[in-house]
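Right, one structure below, let's go through it.
Residue numbers (the working numbering): 231 to 298.
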């Protein structure tokens with residue numbers, strides 16, 4: 231990349247970034263929210279789907295976090 235070029239994330243023709251979070255049972259809900267919420271907020275503020283994210287677990291079932 232030439233120094234004057236903008237990184238791909240700042241180019242207007244960027245694609246949606248797909249992110250998968252692996253959540254283990256016993257995880258802190260605050261840790262999960264701290265990772266997911268900025269992506270959700272960026273989508274809302276931009277009016278576009280900049281980030282396509284999903285939460286998954288090892289077993290495929292819903293993980294039980296520290297708050298239930």
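We put the CB at the ideal spot given by N, CA and C, even for glycine.
Residue i - containing beta strand (DSSP E), residue span
i	result
residue 249	247-252
residue 286	281-286
Rounded separation between residue i and residue j - CA only
i	j	result
residue 258	residue 292	14 Å
residue 274	residue 285	18 Å
residue 269	residue 283	8 Å
residue 247	residue 276	14 Å
residue 267	residue 261	10 Å
residue 288	residue 295	14 Å
residue 297	residue 271	23 Å
Nearest-angstrom Cβ-Cβ length linking residue i and residue j, presumed shorter than 8 Å
i	j	result
residue 281	residue 249	6 Å
residue 265	residue 251	6 Å
Range of the contiguous alpha helix (DSSP H) that encloses residue i
i	result
residue 269	259-276
Beta-carbon contacts of residue i that lie in its chain and below 7 Å, excluding the five residues immediately before and after
i	result
residue 279	246 and 273
residue 290	none
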